[in-house]
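Encoded as structure tokens, the structure appears first; notes follow it.
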Amino acid sequence: MYESANEIQGGMKMRQLKMKYKLIVMFVVTGLIPVLVLGFLLSNRVSDELEMNALNENSTFLSLKSAEINEYYDGRRGDGRVLSATADVFEGLEALEEFGAGSSEWQDQYVHIDSLFEVAVEEYGFRDIFLTDNAGEVIMASVFQNELEGNDLSDRDYLISSLSGEQTWSELFYSDFIDDYTIVLSTPVFEGGGGNQVAGSVNILIDQTVMDGIVHNGVEGLGVSGDAYIVDEDGLLLTNTRLGEYSEDAAMNRQVNTEMTRALTEAVAQGNTEATNTGIYDDYLGNAVLGSGGIVNVGDTMGALIVEVDEDEAMAAMSAMYGMTLTLTGGVIVIGLALAFYFASLLSRPLHTIVSQAGRIAALDLSQDMPEKLVLQKDEVGDITRALKTITDSLRETIHDIMTAAEQVSSSSEELTATSEQSATAAEEVAKTVEEIATGASDQARNTEDGSNKGLHLGEIIEKDQKFMQSLNESNVNVSNTVQEGLVIIEELAAISKESGEETKKVQDGVRNTHESAVKISEASSVIAKIADQTNLLALNAAIEAARAGEAGKGFAVVADEIRKLAEQSTQSTIRIDEIVQSLQGNASHSVDVMGRVSEVLQLQREKVHETKAKYDTIAQAMGDNEARLAELNQSGSEMEAMKEKILDILQNLAAIAEENSASTQEVSAAMEEQSASIEEIANASESLSELAQHLQMNTARFRL
């Protein structure tokens, strides 16, 4: 819990640091610490590599030296077989056996054999080559004639095997006359150079110095402390060491007991010819060495070849590397801290300028531009500067657009208010005209009813005329009077119909004007809707730019959100206006249709009135000619009866038309009432829109451009 509190407190302190110091800390954490870790890992890696290279070099030398030793002893086997198969050798043994040691034949062969062995000794560095007969007696020696010739060596194991027909290496043994340890390769000599009968043996004598030279040759290439030696299965030295207290008279006298010899002598005892070992251990002197060991054959004796070099010498490069790494790391730290301070200062200065500009933007101050030097930079600071410049320019453009849109909305709302007032005035005029039409329709209905009653009365008169032909003169006067009255009524009806048509025409024109005003209102509403959409889009863009600005754009985000809400309210108002205008257009269209039908009915009424008047004229003429056409009275009575029926039909049609006119005027009156209500709602919406525009202008006035 305490550690967690410390971590939180440390994190808070880190967050409270200035950007300059954060950059320095970041550079140290991400730059210098990895350099230190990398230096440490690199040192360990190089140390491991140096150790591995030294061990590999030892192992490589061991492999080469093992091959060289095995090849040397194998080569001597070949030398022995070549010498034993030489004609001078086997022919000399045959001459000795046949003619004896004092014969000239043997003496001649002795000279040839001695010359041959002398060349071999000089060329291959042998200590001596001697020849025995099949009984094991030395009959000839190239170097140590006095010490060897005449000696019976038949009891020697290597000679016993050789005279049995098998080439054999002796074990290492001490030679008195040489005064050193030596090894002998004994090769059988067969009669005729290739038979099965052994005539004697050729023996190559190799001393300890030769073996030391083979083992030590080239080991100094591993280093000044490089050493190599061979031990047997008991750890007994078969060669001297190159350095140290075992460099002389140690072979066959001293044992070496180290981690390496213990591992390899066990393998020698088991006859494991493939065993190898590599590692760091203490040598027989107690010094730490890098050593490698493997199995070799010294003649027929299996031993362990060990190659060593002091660890201090092998790893000397590592100490130098540690010093160089420490020096380089210290230099990198000093240079890194200097660069950290320099670059932190270099980066923090433009960031301070950017933060100041962001603060001005947050305070709605868009009057200052970003420094051109920062804008032209190609790094992330330049990107941020250009982004803030883009935000500032976009905000300026957006504010200008919003101001322009607010002015347009205010102007459009004023135009809409004026249009609404004109529409209201036109609606009132239309309502008055409709009332007049309604009054005319009522009068027309009453007159039509009177005409219908008169027509019925005329029919009664015509019937009476048929019944009372005798009182024709008297009735004729009544008929004439009645006809005159009918003509007067028809004239009045025609005048009323004409007046009704003219008033209907006025109503139709007023409705058309109302419809056109509604279309203008719809167009103005569409303009307002577009302005509101544009304002909403500008507010959205402003919100996006504010979001990009982060904390610096919060203040502008609030203003942008308020502008967006005003734009949404404007959109809702224009939608309501469109609905009202659409309703108004529908009512106006319906009124236009109704007034069209009324015009058609009035036209039909005028035609019927004209026909009625014509009929009455015919009746009047008939009554004027009644005295001259009494003879045709019966026929005229029938015609009058027919005319009566037609007049009644016409009057009934006129009554129906009058009823339709009355209903139509009622519908027009109701539509005009709805239109007046719609116009009033439009006026209210226009006032709200004007208030929204003023509020929008007040918000945009907060910006300093």
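So the mapping is simple: my numbering equals the position in the sequence shown, first residue as 1, plus 686.
Beta carbons: idealized from backbone N, C-alpha and C, even for Gly.
Please read all numbers here as calculations on a predicted model, not as lab measurements.
### Query
In its own chain, which residues sit with a C-beta less than 7 angstroms from the C-beta of Val896, not counting the 5 before and 5 after it?
Gly811
### Where the alpha helix (DSSP H) through Met897 begins and ends
894-902
### Task
Report all residues from its chain with a CB closer than 8 angstroms to the CB of Gln883; omit the five preceding and five following residues, and keep chain order.
Phe876, Glu877
### Secondary structure of Phe785, DSSP reduced to three states
helix
### Query
Based on Cα-Cα distance, which residue from Arg1262, Ala1342, Ser1324 lies nearest to Lys1150?
Ser1324
### Message
Please report the straight-line C-alpha distance between Glu784 and Gly851, rounded to a whole angstrom.
### Response
21 angstroms
### Query
Would DSSP call Asn926 helix, strand or coil?
coil
### Nonlocal neighbours in the same chain, by C-beta distance under 6 angstroms from Phe803, ignoring five residues either side
Ile815, Ser828
### Task
Indicate the three-state DSSP secondary structure (helix, strand or coil) for Thr1076 in the structure shown.
helix
### Rounded straight-line distance, which links the Cα of Gly1068 to that of Ala691
Per-residue confidence for Ala691 stands at a pLDDT of 49, beneath the threshold of 50, marking its modelled position as unreliable; the derived number appears in the next sentence. Their Cα atoms are separated by approximately 39 angstroms.
### Query
Less than 8 angstroms separating the beta-carbons of Leu834 and Ser978?
no
### Query
Is it a yes or a no for the region 1070-1087 touching the region 1042-1050, going by three-plus beta-carbon pairs under 8 angstroms?
yes
### Task
Report back the beta-carbon spacing between Tyr759 and Val942 to the nearest angstrom; my notes put them in contact at under 8 angstroms.
About 22 angstroms; that fails the 8 angstroms criterion.
### Query
What's the call for Met700, buried or exposed, on a 16-neighbour Cβ count within 10 Å?
Confidence is the limiting factor: at Met700 the pLDDT is only 49, short of 50, which leaves the residue's position unreliable, though a coordinate-based value still follows. Label assigned to Met700: exposed.
### Task
Measure the CB-CB distance between Ile1249 and Ser1098 and report whether it falls below 8 angstroms.
no
### Task
Could you tell me the distance, in whole angstroms, from the CA atom of Ser911 to the CA atom of Ala961?
25 angstroms
### Message
Among Asp1247, Ala821, Ile1148, Arg763, whose alpha-carbon lies nearest the alpha-carbon of Ala885?
### Response
Ala821
### Classification of Phe776 by the beta-carbon crowding that lies within 10 angstroms, buried from 16 upward
buried
### Query
Can you tell which of Ala1246, Tyr796, Asn889, Glu1377 has its C-alpha closest to the C-alpha of Glu1093?
Glu1377
### Query
Ala1235 to Thr1039, Cα distance in whole Å?
15 angstroms
### Same chain, Cβ closer than 7 angstroms to Ala937, five either side skipped, listed in chain order
Tyr867, Gln894, Leu923, Leu924, Thr925, Asn926
### Outcome for Glu809 when other beta-carbon atoms lying within 10 angstroms are tallied against a minimum of 16
exposed
### Message
Rounded to whole angstroms, what is the Cα-Cα separation between Glu791 and Val824?
### Response
18 angstroms
### Message
Quick check on the DSSP output: what are the complete alpha helix (DSSP H) runs of length 4 or more inside the region 764-848, in order along the chain?
### Response
773-785, 790-810, 831-834
### Task
Return the Cβ separation of Leu1224 and Asp1087 in integer angstroms, given the expectation that the two are a contact with Cβ distance under 8 angstroms.
5 angstroms
### Task
Name, in chain order, the residues that DSSP records as bridge partners for Met988.
Asn983
#### Entry: Contact under 8 angstroms by Cβ, Ser1203 with Thr1105
yes
### Task
Tell me where the beta strand (DSSP E) around Ala914 begins and ends.
913-917
### Task
With Asp866 as the anchor, note down where its beta strand (DSSP E) starts and where it stops.
866-876
### Task
Would you kindly work out how many angstroms separate the C-alpha atoms of Ser1096 and Thr1111, rounded to a whole number?
23 angstroms
### Query
Where does Arg1259 land, buried or exposed, given buried means 16+ other C-beta within 10 angstroms?
Checking the displayed sequence, the identity of residue 1259 turns out to be Ser instead of Arg. Label assigned to Ser1259: buried.
### Task
Return the residue from the list Ala949, Glu994, Gly879 that minimises the CA-CA distance to Gly930.
Glu994
#### Entry: For Ala955, three-class secondary structure by DSSP
helix
### Query
For Leu950 versus Ala990, is the C-beta distance shorter than 8 angstroms?
yes
### Query
In its own chain, which residues sit with a C-beta less than 6 angstroms from the C-beta of Ile1047, not counting the 5 before and 5 after it?
Ala1238
### Task
Return the CA-CA distance between Ser1208 and Glu1107, expressed in angstroms with no decimal places.
15 angstroms
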